[in-house]
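Residue numbers (the UniProt record's numbering), protein chains in the order written: chain A, 1 to 474; chain B, 1 to 474.
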């Protein structure tokens with residue numbers, strides 16, 4: 001058999017598509033060692049290619065050793081070791097610009113000097129620096145055991161008691177055994193997923209949603225189903241339909257100042273949602289990480305539910321410090337007990353006592369409340385200013401949020417957010433194109449802007465140039 | 001059908017045993033929603049009970065709703081939601097005293113004033129308190145971005161460069177892209193397990209081994225296989241046999257100052273082990289968390305292997321601070337890249353920059369080396385003194401370790417370590433009985449002592465009394 005330069009021809013590309021799809025299934029563990037591959041005919045139909053393309057792809061994967069033919073019975077994944085869980089390879093041939101991992105790493109690993117209107121946090125000068133320095137100096141004088149010991153498995157009792165008073169603001173009466181501290185808000189969600197999910201379970205998220213929910217659920221090998229998010233919360237009719245048809249194990253959402261849209265759930269939607277959840281025995285994670293940015297507290301799902309089937313998670317990364325890593329989970333006491341076991345097994349101990357001591361010191365001082373008041377006022381002005389400037393470029397906010405630092409915007413007709421983000425990145429500006437947040441990939445004309453990172457005039461120059469970028473011609 | 005007080009009769013106990021076994025399989029996810037239960041006959045044979053006992057157990061589980069009968073085709077797990085992963089329920093009816101979770105939580109959640117010869121860390125007064133306070137004061141004056149930002153996804157470049165110089169001591173030439181920082185040593189191991197394992201995969205550990213390896217692997221729903229540990233490392237003949245017969249995906253071990261035995265692998269064992277590992281394509285995690293306690297560095301598996309199939313993990317919890325949480329992974333660059341993705345997805349970002357800044361400041365100052373020199377000398381004296389006192393009670397160290405703070409000891413003939421630990425706990429002293437460390441549950445006459453926690457005379461009084469405890473009469 002001649003080796004033709006197949007990958008250049010049209011047929012070659014299709015062969016590579018099929019190979020990528022199979023590799024992705026193995027990497028994502030939808031296919032494990034020894035599992036049978038789809039028949040040639042069925043895969044050809046599914047992928048809309050000819051059977052000979054599938055044969056070629058299978059032959060080449062067999063030559064690489066990934067799969068094996070068994071005479072008369074088809075192809076099987078090689079019975080060697082399970083391949084590692086390479087998350088970026090789970091979905092084949094995606095644009096890097098709309099891959100959740102790629103956007104996270106771009107935002108996190110780019111130098112502080114680079115403008116990051118695509119990132120999900122405030123710049124250092126917006127954070128309570130003086131209070132953090134004061135708390136850190138206090139830490140240097142505290143008991144040696146706080147500086148050296150693991151600390152208790154549920155985390156600092158003092159900080160948990162402070163959190164109880166905040167739950168009480170939502171009229172949730174809880175005791176400390178319904179609260180545990182974690183290494184971060186993401187770790188909180190991750191622990192709950194470990195507790196509740198197994199590979200293949202269905203999880204419901206909003207469309208759009210925080211992109212790291214997708215990354216996290218990929219790590220859990222969950223089946224992700226999404227539903228449209230409206231200005232008053234998730235599309236409740238679709239929600240009821242999906243619960244009946246797909247029976248998801250879990251729904252992850254933000255009730256207030258939803259990421260990326262900035263929308264807040266209405267009381268009626270919340271009530272209908274919880275009624276449907278009860279009928280179908282659905283568990284809900286309410287990620288309240290942006291909650292403190294609201295000018296007045298809107299009704300939370302947990303406030304209606306009383307920490308029964310809704311679990312609240314949160315952290316201090318957005319309002320206090322993302323460096324001092326500390327999140328929390330509030331939920332049913334019996335579940336908290338199991339979640340503490342899981343955290344001990346996977347992290348040995350709760351979050352760092354050094355971290356919880358700093359957070360508790362800042363929260364206990366009166367300065368945190370004052371900082372948040374000022375921050376909310378500053379953000380209200382900044383959202384308005386940035387919205388006006390964006391509108392001048394034909395970029396229209398989907399709604400004006402009650403608080404927070406995100407504007408979810410529609411670009412002018414025909415503009416492709418991924419192409420714009422790609423062009424901006426060539427000039428070292430990290431943007432967050434809509435499809436990063438969209439499981440259904442239907443947000444290509446949207447972009448999330450972080451208004452606190454948009455004071456640099458150079459950033460606006462780059463954005464203006466990038467908006468002229470053409471969408472990819474394929 | 002009359003409801004008899006069955007649980008009191010002999011037959012009732014057996015019924016409950018069968019019910020517990022099934023519940024454990026469902027909790028541990030060996031049986032999922034919709035899965036068929038073992039046939040009545042086969043389970044009766046396996047568990048050594050009568051078929052009518054199994055019928056009774058299945059009927060009662062069906063009444064509870066956990067399982068359902070299908071006419072003519074047996075019993076199935078109810079097709080409702082997957083039950084949560086309740087780790088403590090995975091193994092039925094274990095003694096709490098030899099449950100890894102229970103011992104961890106006892107050690108972590110017990111007040112500092114309580115003597116803890118069973119715990120796995122040094123008391124605050126043995127840690128470099130002055131250096132930690134100095135580093136914390138320095139932190140209070142550092143850049144605002146360090147105090148407020150997420151930091152880079154692989155963790156502080158400065159600390160990674162410091163770690164490179166330590167790898168160089170083992171003649172491992174690596175670049176920073178082969179190193180990533182994590183939230184703790186346990187989180188490092190957990191990330192690798194997430195990357196490499198899927199439920200049901202076989203993992204090899206030492207017997208005895210660090211008990212949290214067992215807890216962690218339970219969280220991964222791995223199949224655990226163990227092999228005896230000898231004074232010169234794992235029993236290498238058994239190792240070769242197990243690799244051929246069981247084809248484990250992963251082996252987790254400590255090469256130097258093995259926990260709990262304090263033994264160190266010999267160069268010949270290390271070489272033979274790596275040769276067998278290469279033949280069977282086995283990946284190894286070398287947990288080097290106690291490495292700095294060695295008076296002179298012994299050969300590490302990673303030093304022979306050059307970070308190829310052996311991944312090194314470590315942390316600063318034992319020598320510097322367990323409160324400042326920071327661990328690391330050194331391994332193949334391509335794997336590190338995927339592991340960073342996994343850490344971003346599950347924790348959003350690397351370890352706390354606040355934590356890594358404190359660790360880097362302590363390590364960079366000359367005081368850490370001096371602290372370790374003094375600590376090693378103090379531990380040498382303490383190990384000797386405690387060994388002598390234990391011998392006076394008929395408790396014999398299995399070997400005298402080259403370093404560290406553990407003594408793995410055999411109790412006098414016929415003494416049951418679990419009974420002793422239970423008796424000590426009634427007087428508020430936390431001990432670590434041998435079977436906590438033993439997958440095969442063959443270490444009932446062993447106990448791990450932490451010599452640094454044995455200066456309190458009251459502790460010795462409690463131990464003396466506890467040694468008179470009788471083993472349970474069942």
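Each residue gets a CB set at the ideal place from its N, CA and C atoms; glycine is no exception.
Taking C-beta separations shorter than 6 Å and ignoring five residues to either side along the sequence, the partners of residue 466 (chain A) in its chain run 420, 423, 424, following chain order. Per DSSP, reduced to three states, the secondary structure at residue 19 (chain B) is helical.
In the assembly as shown, residue 38 (chain B) is a buried residue. Its beta-carbon has 16 or more other beta-carbons within 10 Å. The CB of residue 246 (chain A) never comes closer than 8 Å to any CB in chain B; the least such distance is about 13 Å. In the DSSP assignment, residue 333 (chain B) falls outside any beta strand (DSSP E) and lies within the alpha helix (DSSP H) extending over 333–347. In this structure, the CA atom of residue 58 (chain B) is about 18 Å from the CA atom of residue 29 (chain B). Remark: three or more beta-carbon pairs, one from each stretch, lie closer than 8 Å, so the stretch 184–201 of chain A and the stretch 298–315 of chain A are flagged as touching.
At a cut-off of 8 Å between C-beta atoms, residue 215 (chain B) counts as an interface residue with respect to chain A.
Think of a sphere of 7 Å around the beta carbon of residue 180 (chain A): no beta carbon from chain B falls inside it, the nearest being about 12 Å out. Interface annotation, residue 397 (chain A): not in contact with chain B, CB-CB separation never under 8 Å. The residues 256, 264, in chain order, have a CB closer than 6 Å to that of residue 298 (chain A) in the same chain once the five nearest residues on each side in sequence are set aside. In this structure residue 400 (chain B) does not touch residue 392 (chain B) by the C-beta definition: roughly 16 Å separates them, more than the 8 Å allowed. Judged by their CB atoms, residue 85 (chain A) and residue 194 (chain A) are not nearer to each other than the 8 Å cut-off. When Cβ pairs closer than 8 Å are counted between the two stretches, the stretch 265–276 of chain A is seen to touch the stretch 232–239 of chain A, the count reaching three or more. When DSSP states are grouped into helix, strand and coil, residue 254 (chain B) belongs to the coil group.
Inter-residue distance for residue 426 (chain A) and residue 337 (chain B) is about 23 Å (C-alpha atoms, whole angstroms). Only 139, 140, 144, 145, 146, 147, 148, 149, 150, 151, 152, 153 from the stretch 138–154 of chain B bring a Cβ to less than 7 Å from some Cβ of chain A. Between residue 357 (chain A) and residue 146 (chain A) the beta-carbon gap is near 6 Å, inside 8 Å, which marks them as a contact. Chain B has no Cβ within less than 8 Å of the Cβ of residue 319 (chain A). Contact of residue 198 (chain A) with chain B by beta-carbon distance below 9 Å involves 29, 32, 82, 85, 199, 221. Under the DSSP assignment, residue 420 (chain B) falls in the alpha helix (DSSP H) whose first and last residues are 417–426.
With a cut-off of 8 Å on Cβ pairs, the stretch 158–175 of chain B is in contact with the stretch 347–361 of chain B, counting three or more such pairs. Pairing residue 122 (chain A) with residue 431 (chain A), the inter-Cα distance amounts to about 15 Å. Closest option to residue 185 (chain A), judged by alpha-carbon separation, among B:150, B:43, B:154: B:150. For residue 227 (chain A), the beta-bridge partners assigned by DSSP are A:206.
Only residues of its own chain outside the window of five on either side were considered, and among them 387, 407, 409 have a CB closer than 6 Å to the CB of residue 397 (chain A), listed in chain order. Under the DSSP assignment, residue 290 (chain A) falls outside any beta strand (DSSP E); it carries neither an H nor an E label. For residue 327 (chain B), DSSP records a beta bridge to B:182, B:315.
Taking 8 Å as the threshold, the shortest C-beta distance from residue 287 (chain A) to chain B does not fall below it. The distance from the Cβ of residue 445 (chain B) to that of residue 390 (chain B) is about 14 Å, inconsistent with a contact at the 8 Å cut-off. Between the C-alpha atoms of residue 377 (chain B) and residue 124 (chain A) there is a straight-line separation of about 44 Å. Burial state of residue 56 (chain A) is buried, judged by a 10 Å Cβ sphere holding 16 or more other Cβ atoms. Nearest to residue 16 (chain B) by C-alpha distance, out of B:52, B:33, B:73, B:35, is B:52. Pairing residue 152 (chain A) with residue 109 (chain B) gives a Cβ-Cβ distance under 8 Å. Within chain B, the C-beta atoms nearer than 7 Å to that of residue 195 (chain A) come from 84, 85, in chain order. Nearest Cα to residue 331 (chain A) within the set A:325, A:324, A:339: A:339.
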